[in-house]
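A.B. asks:
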Amino acid sequence: MLKNDFLVVGTGLFGATVACLLSRNGKQCLVIDKRSHIGGNVYTESMNGIDVHKYGAHIFHTSNKQVWDFVNSFVEFNRYTNSPVANYKGKLYNLPFNMNTFYQMWGVTTPEQAATKIEEQRKEAGITHPRNLEEQAISLIGKDIYYTLIKEYTEKQWGRKATELPAFIIRRLPVRYTFDNNYFNDKYQGIPVDGYTKLVEKLLAGIEVKLNTDYFEDKDYFDSVADRIIYTGEIDRYFDYCFGHLEYRTVRFETEVLEGVSNFQGNAVVNYTDAETPYTRIIEHKHFGFGNQSDTVISKEFSKEWKPGDEPYYPVNDERNSLLYAKYKALADAQERVVFGGRLAEYKYYDMHQVVENALYLVDSLLK
Ligand code: FAD
Numbered sequence: 055m056l057k058n059d060f061l062v063v064g065t066g067l068f069g070a071t072v073a074c075l076l077s078r079n080g081k082q083c084l085v086i087d088k089r090s091h092i093g094g095n096v097y098t099e100s101m102n103g104i105d106v107h108k109y110g111a112h113i114f115h116t117s118n119k120q121v122w123d124f125v126n127s128f129v130e131f132n133r134y135t136n137s138p139v140a141n142y143k144g145k146l147y148n149l150p151f152n153m154n155t156f157y158q159m160w161g162v163t164t165p166e167q168a169a170t171k172i173e174e175q176r177k178e179a180g181i182t183h184p185r186n187l188e189e190q191a192i193s194l195i196g197k198d199i200y201y202t203l204i205k206e207y208t209e210k211q212w213g214r215k216a217t218e219l220p221a222f223i224i225r226r227l228p229v230r231y232t233f234d235n236n237y238f239n240d241k242y243q244g245i246p247v248d249g250y251t252k253l254v255e256k257l258l259a260g261i262e263v264k265l266n267t268d269y270f271e272d273k274d275y276f277d278s279v280a281d282r283i284i285y286t287g288e289i290d291r292y293f294d295y296c297f298g299h300l301e302y303r304t305v306r307f308e309t310e311v312l313e314g315v316s317n318f319q320g321n322a323v324v325n326y327t328d329a330e331t332p333y334t335r336i337i338e339h340k341h342f343g344f345g346n347q348s349d350t351v352i353s354k355e356f357s358k359e360w361k362p363g364d365e366p367y368y369p370v371n372d373e374r375n376s377l378l379y380a381k382y383k384a385l386a387d388a389q390e391r392v393v394f395g396g397r398l399a400e401y402k403y404y405d406m407h408q409v410v411e412n413a414l415y416l417v418d419s420l421l422k
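In my numbering, the protein residues as written are 55 to 422.
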C-alpha cells in the first residue's frame, strides 16, 4: 500500500523545504527524523527566554532574492549582521580582516598604509608556490595576521599543524580596506526573530511528521509507504558503509546558563585564536536576537576528531574522502526511487541558503 507520494527522511532545512514545496503542489508527504526534534542542525531551543542554537551558531545570509523572499514568507528575520571578534591572548581584533583589524594590528589609519604593510610582509616571505596552508596564508596576508589570527585557530580547528594542512583549504582570504566588520558580503542577512525551529515548524505545517524514527530501523516498511524517497541522511550509512566510513570534523559544545549575567562578552561570536585556550570560540546566543534578558547563555565550541557515532559536522574533502564519496555517489545515482540531497547525503558543506536553493530546484525538477 503506497499511501504517500514521497517519504522525506530528515526534517533539516533541506528535507523540510522539499516537503513543504511538494505538499504545496498537492503531493502527499510523510517526513521522519531520528532525532527527537525537527530542524536538523538549525534547531534552536529556548533557554531562559533565549533562543539557543543547539548545533552551533547559524546566521542566514544570501544574495539570492528568491531564497530570501521564500524564508521570509514563513517567519520574520531580524537585521543581525555577523561581526565576530577575535581574542588573541587577551587582545581583541575585529574580523573579517578589515581596516579596524589593521589599525589594531599595526596602528595604520589609511587603506594605503594597510595595503603597503601587507604587501611588504608578503614580499618579505617570498613564497611563490605555497606547499601548505601556512605558506598559502602568509603569501596572501603576511606573517603578523597569520601568526595572530590564523595559525593557532586553524590548528585547533583541524587538530593538525598548519604546515601539514593542504594549501587549498585557504584559497583566498577576504581582505577589506574599509572599516566594515560585516563578515558576509551577501545582500541579505539575518536570523529568524523567533528562532529557526519556528521556521521549520512553519515549513512542515500540515505535513505528517514522525520523530524519534530512524529510517534504517524499519527500512522495508518505510520504503513501502511512499512512491519515492528523499533521503537527507548520511550517504555511506544508506549503503551500509560498504566502501568504508566517510570522515568528518566534529564539534563538542559546552553550554552554560549564566544566571544574573546580562551580558557576558558583548558580542554573539568571539573567536579564541591562541593555542592555549582549548575552545575555538564562545557564542553568546542572546546577541543573535538583541536580547535584553537578565540572564545569558553561552556555548564554548571544542573542535574534535570525528569517530563513527559522533555527530558529523564538517566533511573532510581530502583525496581519500572525495574518492570514497564518488563511489557512493555512483551507487546513489543508480537508485531509481531515491533522491539524495542535503549536506549529509551529498557529503558537502552547504550553507543554509544553498540547501534552500537546492530544494527549490529539486522540487521543480520532481514536478516536471
Ligand atoms: P541536517 O540539518 O543535518 O538535517 C538532516 C536530518 O536528517 C537531521 O535532522 C537528521 O537527524 C536526519 N536523519 C539523518 N539520518 C536519518 C535517518 N536514518 N532516519 C531519520 N532521520 C535521519 N549555514 C549557514 O548558512 N550559516 C551559518 O552560520 C551556519 N553555521 C553552521 C555551523 C555549524 C557548526 C554547522 C555544522 C553548520 C552550519 N551551517 C551554517 C550549515 C547548516 O547547518 C546546513 O546548511 C543545514 O543544516 C543543512 O541542512 P540539511 O537538511 O541538509 O541537514
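We put the CB at the ideal spot given by N, CA and C, even for glycine.
(1) Tell me whether the region 83-101 and the region 262-275 touch, counting them as touching only if at least three CB pairs, one residue from each stretch, are closer than 8 Å.
(2) Can you tell me whether Glu308 is helix, strand or coil according to DSSP?
(3) How about Gly196 and Gln175: are their beta carbons less than 7 Å apart?
(4) Report yes or no: do the region 118-135 and the region 238-245 share at least 3 C-beta pairs separated by less than 8 Å?
(5) Got a sec: is the Cβ-Cβ distance from Ile289 to anything in chain C below 7 Å?
(6) For the ligand FAD, any of its heavy atoms closer than 6 Å to the Cβ of Asn95?
(7) Going by alpha carbons, who is nearest to Ile224 out of Tyr237, Thr208, Phe238, Arg214?
(8) Round the Cβ separation of Glu269 and Tyr97 to the nearest angstrom and send it over; I've been treating them as touching at under 8 Å.
(9) Using DSSP's beta-bridge definition, name the partner residues of Ser357.
(10) Under 8 Å: do the region 274-284 and the region 159-172 share three or more Cβ pairs, one atom per stretch?
(11) Compare the beta carbon distance of Asn148 and Asn79 with 7 Å and say whether it is the shorter of the two.
(12) Bridge partners for Cys83 per DSSP, in chain order?
(13) Please state whether DSSP places Glu188 in a helix, a strand or coil.
(14) So, are the CB atoms of Ile261 and Glu310 less than 7 Å apart?
(15) Rounded to a whole number of angstroms, what is the C-alpha to C-alpha distance between Glu99 and Glu359?
(16) Between the Cα of Arg185 and the Cα atoms of Gln211, Gln158, Thr217, Phe238, which residue gives the shortest distance?
(17) Quick one, which of Val410, Arg226, Glu206, Arg303 has its alpha-carbon nearest Thr331's?
(18) Between which two residues does the beta strand (DSSP E) holding Tyr326 run?
(19) Below 6 Å, is the gap between the Cβ of Arg89 and the nearest heavy atom of the ligand FMN?
(20) Phe114 to Val410, Cα distance in whole Å?
(21) Assuming His341 and Thr116 make a contact with CB atoms under 8 Å, what is their CB distance in whole Å?
(22) His112 lies in the alpha helix (DSSP H); which residues open and close that run?
(23) Cβ atoms of Phe233 and Asn321: under 7 Å apart, would you say?
(24) By DSSP's criteria, Phe131 is part of a beta bridge. Which residues make up the other side?
(25) With a CB to CB cut of under 6 Å and the five nearest residues on each side skipped, what residues in its chain are close to Thr304?
(26) Hey, could you find the ends of the alpha helix (DSSP H) His107 is sitting in?
C.D. replies: On the basis of the supplied data:
(1) yes
(2) strand
(3) yes
(4) yes
(5) Checking the listed chains, one finds no chain C in this structure; it contains a single protein chain.
(6) yes
(7) Thr208
(8) Glu is not the amino acid found at residue 269; the sequence shown has Tyr there. Actually they are not in contact, since the Cβ atoms of Tyr269 and Tyr97 sit about 19 Å apart, beyond 8 Å.
(9) Val305
(10) no
(11) no
(12) Phe60
(13) helix
(14) no
(15) 26 Å
(16) Thr217
(17) Glu206
(18) 323-326
(19) Here the bound small molecules are the ligand FAD; the ligand FMN is not part of this structure.
(20) 11 Å
(21) With a Cβ gap of about 21 Å, His341 and Thr116 do not count as contacting.
(22) Taken as a continuous stretch (DSSP letters only), His112 belongs to no alpha helix (DSSP H), as it is neither H nor E.
(23) no
(24) Pro246
(25) Lys358, Trp360, Asp364, Glu365, Tyr367
(26) Per DSSP, His107 belongs to no alpha helix (DSSP H); it is in the beta strand (DSSP E), 104-107.
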